[in-house]
């Protein structure tokens, strides 16, 4: 009786937790390979084709027009010199943060639930940064001269201005893009090596190149672990610095509403907020569309990320309130006017929408464990949070720029070509993800297996408990 | 440690070229705006873009209203142009050094050919006096015949702003140098000051206490706009009345 | 397909390639090497890369301001005021600055035109010669603008010699200035014709009744200088300025006090102030006897205390000055208003004193003041046209189809004229109606002179010379008339070789004139100086003192004016200070914000916000305005400084021709005006009442100002 | 499909095709760069060296250099001043026939200046002459040249190198000579 009970308890845990539900190594490898190699369905091609058209028109054609005709095609004007391009830049950088957060911070803190989806999150980092890069280059008036922002020796004796937050920004984003790509690549090596051994044709060549001759010897594993450890620790400060620096683009300016000391952490929390939302939406899609993924991605993961989202939402609410309050008490009449304009001006709906999406919706849904474990529901919340965070950046940039110290110049902003370009970046992000799902193993198999090996049921008298052994 | 004498106050004369604008006699007639546009090849943008806040005026005349009908008053016309700040907020934020401080003339320069169009300077200008070339605005032939050859014609994607007619400064300096003398006060002036029918704008050396602009600048009730930001503007306004 | 690929296309493609290269390299010039054409023969006064400066006269209005034009490599680059010219002392208005956009306007008439086809100048000369020869002298009429004067003198001489009709001059600015009313009032009160000169600069308190002297009135640059003098606190006390006007013009915006009186009560108010001030001064003046301050206060909507306050200032100030002008005179009782306001000056005893009233100096060689035709005289002229009395009409320097109220029927009357020949530089509405357009040079390409009618203390003759060679195949009208006269023969054959010789013959008497700014022993030396200095003027004050004796004993009428039409709104058209009557084709003038509303590129109707609210009208709503004479549709600007029962529309837009920048833009408020004159024959343009109807359409006005920052629109409920 | 293309490319014929394509692209680029380095075709093969050999000073034909920003190209009346008295001008075979034709028909000669800076650079000859620079310091030795050629590209590094050298230890001068606003406005 008690044995049976213990058995059913074990069964229950096994069902719930991936780490306690081990499969043979070969079987698991096969599952991941199958998920990746599964021939694309017509639905896949339909979406892929549609997105390609959107990218071709929204991103490339519109951008070519923007370059040939000038930034006047966008909705920017005096005094709103920065518009949706910068909103999108901050937004995509924000999205990219969750990847690093999930894989690096959770890895450092040994959060075991992270294991199956670190790869998916890291891909989000890299692909998000690509979109951020696109967005910031679209913003430039003369993008063909963007290389002037890079330090390189030249006969004019001219260098980028190291006083400018934009220069820091550029350096930070470049560093982040490089390091996050490396960090994506390192854990990928054992998996592509696995894929190399299980594929033929061009795929084999492709994985052969990517795997760098990885054979899985102890020495190789040791090097890889070392490398990943170093990167996991090193990328955390990079990640924090990137979004702090992005916030300095605004905080270092003399504009009312921007010149705020809290912007650094506020932006980081905001970035995590949107990034977590995006990550969970991506997970839900992967789980719903790809083969065998219901085994790897389970309710427990949604539950765990849901908890994180709730905490981050609370933190965001705190920082938002803090920012608002501190600025209000600063007593500067222009700032006060601006804060009033945020809520009561023509874009007030967006301000309230931001609060609803970022605070009300997550708080209302994520407190309940059952709801939290429901993939579609949490994913919807994640998307709503992203809408809210996009609103937040929109309010910080074009809406706040409406108000300055020269009331004679105040104006509103009506986006123009930013809309196709913004949709283009979103489509490109999804397109890259879709392509990646067919090209690289989305689940880090070795990491899951490593975790499963460390987990075991131990019996203490009548009780069965889960024990996790230290690997590293 | 900060020594008090190191803290510059805007009341001190820090600049080289400066301006005094008497709002009490400015009639808002727009002669300065037209003169500036003609002198500096400033483009016109057409009805739609100008209504959307994209007009390229380097100098604009602001006016507000006080009170309600019938006790309504138009506030004194306020010509707003680049204040050529001694400690400008536009300068440090440009990543390409396209807007830099001229050490020799103490002006805020906008180097058009270095500008990549981040528009950060314009965001950070508290006076909102920078204008951006949103498009290549068409000036059909033969209008370009009027272009001032001393001033670069700007194309799309470049920021621009009032230069205190630096081409005139250079010309006057060059002339004085070729004649082996210093530039005399009043020998030349900016296009806006030269046109102003009310002579509301006075331009000159504020580091020369004898110059007309210094004399006018020492009157008691002048204000510098937003000097609380520490920008050390070089234009003094008199509201009068 | 391949034969369609023309060389032009090929060049276009190469151009695109070059442009792309230019963009990619970030370099300015679109091609690496540019061809340069050096001078055939370098003018001796010219150096490569150095500018040459020429003195000439501004032709944008008739004031006669002197210009110095900077030219470089044969192109006019910049206009500045001529510091020598006593009228403007080195200053210009916005229109003077933008005159270069007229010179290099992309829509000039490039060649002599017959209808839509180009002809040669020989043919053109023959056409003019035939027109002169084949018609009876009384069937030939000249209609001219108020500038330039030398052409007017020439045509007058021609008219004298050949017995054709005396040329008629007209300009919308003089119509809106009510110049005829002003000079008529001066004649009635002082017994002498002439334009009064108001020394604003020397005054301590200025009461202006509708005179928008900081915008377009008489001589804006000179009056603006006067205004600066009024306010100059360095040498004297800061002078005060009170403006009586139903809508706040940009002049009134500079006033210390703006008194929005009911249109039509100006005479009554002026007399009431006179009565109060006379009482305070203890002077008995029969002119003000009939006035009743309480009644005036009630009818005009001004508080009695305000009137008393103003009267007190006026009575006790050292230099009091009252100016009549603009919309105050453009009413059925305009002459009475002018007389009543001038009488205030008599009360202030400022005639011929610093800060007072003078009669403007007559220009050199002028014996008598001649004003342009009033609207009523133009109506007679139009009647003659319609009746077929003129077989040929020459039009120069004026665009009556646009400038005259459509209801006066100029356009229709043109059909009654056999042959219409326009000398317009631009394809304006009148040129579009003409049979021939024989374009004159632009003002900056022309010889000439302009008499300064008012604004300077000295008698001034502003001289004009070409600063650049003609850009297009245009010809000076005098040269054309001379050549045609030679062909026509008889009395038409004047003896001058060309325009310059005529000019020399005209200015020759000045050589030995006393008190000249310069004199010369011979005409060539004199002309050299005349060109170098940009004209000739005396060094002595030429203003005369009005006879003050009887003014205060005249009887004055303070009756309210009568209004045409039944509408509930007073209608005040005013001249756009930046565009005026002929600025609409200059793109930078279009882009200049109006000083009061900051609207660019369009026409608006100014309405009091309360009135608009009551009628349910918002900013940018298009309304239909209906008067007895016509109607038009125009977007609304809720203007906080206008009487609730008044609307105002600027004059300057609404062209149907006149080039790409002017065409089909805004409306022309003269469409609402018609046969409605005052006693002096001026158009009672402010004497019309109109109705307003909503149309449900919207047309966003381009404003420089922020509607949020200035009016708090869309800023939330608190602001 | 991709694999087949790849296979075809690595066989000898494919390799040749690839090399031809690469070569073609490379030569096109080289040609493009080369064309930008060619001096433009002038309407007259003007022999600078002959004029210098006769002792004509630079400033005789380009007097603007001493006075103002532009040195200028002489008007043909200036050419004609000397050449109408020179017999060779009437030689129908000599290059001078173009000058004669231009003067007689009254059409300006369309020279193409070779020494030029972009239009965002405000260059002033006078200041440089006054500072003791000689024409040949920038424009090279013309005594052996027919058509004028630039001895170097007038780029900013070249300008600055000289400015810095010229300023020497004089800080105020260095500030003035390296100020962006000295040349760009």
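Protein chains in written order, with our numbering: chain Z, 1 to 472; chain X, 1001 to 1241; chain B, 2001 to 2719; chain F, 3001 to 3185. Note that CB positions come from ideal geometry on N, CA and C, so glycine has one too. Just so it is clear, the structure is predicted and the values come from calculations on it, not from any experiment.
Given residue i as reference, the closest of the options once Cα atoms are compared
i	options	result
residue 2674 of chain B	B:2150, B:2286, B:2563, B:2510	B:2563
residue 1049 of chain X	B:2688, B:2640, B:2600, B:2691	B:2600
residue 1114 of chain X	F:3156, F:3094, F:3024, F:3109	F:3156
residue 3136 of chain F	F:3164, F:3029, F:3058	F:3058
residue 2612 of chain B	B:2640, B:2347, B:2215, B:2422	B:2640
residue 1187 of chain X	B:2083, B:2185, B:2700	B:2083
residue 2653 of chain B	B:2511, B:2132, B:2399	B:2399
residue 1032 of chain X	X:1194, X:1222, X:1228, X:1208	X:1194
residue 3052 of chain F	F:3066, F:3029, F:3148, F:3122	F:3148
residue 2587 of chain B	X:1038, X:1170, X:1237, X:1208	X:1038
residue 3044 of chain F	F:3065, F:3016, F:3096, F:3140	F:3096
residue 76 of chain Z	Z:94, Z:418, Z:424, Z:433	Z:418
Beta-carbon proximity of residue i to residue j, cut-off 7 Å
i	j	result
residue 2180 of chain B	residue 2374 of chain B	yes
residue 2224 of chain B	residue 1198 of chain X	yes
residue 2504 of chain B	residue 2523 of chain B	yes
residue 1110 of chain X	residue 3175 of chain F	no
residue 2296 of chain B	residue 2337 of chain B	no
residue 2144 of chain B	residue 2152 of chain B	yes
residue 2526 of chain B	residue 2647 of chain B	no
residue 2535 of chain B	residue 2627 of chain B	no
residue 2293 of chain B	residue 2306 of chain B	no
residue 2482 of chain B	residue 2076 of chain B	no
residue 2442 of chain B	residue 2425 of chain B	yes
residue 382 of chain Z	residue 280 of chain Z	yes
Neighbour-count burial assignment, residue i, 16 or more Cβ in a 10 Å radius
i	result
residue 3076 of chain F	buried
residue 2254 of chain B	buried
residue 1130 of chain X	buried
residue 3082 of chain F	exposed
residue 474 of chain Z	No answer is possible for residue 474 of chain Z: it lies beyond the span of chain Z, which begins at 1 and ends at 472.
residue 2521 of chain B	exposed
residue 342 of chain Z	buried
Limits of the unbroken alpha helix (DSSP H) element including residue i
i	result
residue 174 of chain Z	165–197
residue 2951 of chain F	Residue 2951 of chain F is absent from the structure shown; chain F starts at 3001 and stops at 3185.
residue 2507 of chain B	2499–2507
residue 2043 of chain B	Careful: residue 2043 of chain B lies outside any alpha helix (DSSP H) and carries neither H nor E.
Residue span of the beta strand (DSSP E) that contains residue i, given as start and end
i	result
residue 2422 of chain B	2419–2422
Cβ of residue i within 7 Å of any chain D Cβ
i	result
residue 1118 of chain X	Given the protein chain composition of this structure (Z, X, B and F), no chain D is represented.
Quiz prompt | beta strand (DSSP E) runs wholly inside the stretch 1063–1143 of chain X, at least 3 long, in chain order | solution = Taking 3 residues as the shortest admissible run, the stretch 1063–1143 of chain X contains the following complete beta strand (DSSP E) segments, listed from N- to C-terminal end: 1078–1080, 1099–1101, 1108–1110.
Practice problem: Entirely within the stretch 2285–2326 of chain B and at least 4 residues each: give me those alpha helix (DSSP H) ranges in chain order. | Solution: Secondary structure within the stretch 2285–2326 of chain B: the alpha helix (DSSP H) runs of 4 or more consecutive residues, fully enclosed, are 2293–2300, 2304–2316 (chain order).
Please give me, in chain order, every unbroken run of the beta strand (DSSP E) with length at least 3 that falls completely inside the stretch 2506–2537 of chain B. Runs found: 2535–2537.
Can you give, in chain order, each stretch of the beta strand (DSSP E) that sits fully within the stretch 2092–2152 of chain B and has at least 3 residues?
The stretch 2092–2152 of chain B contains these whole beta strand (DSSP E) runs: 2140–2144.
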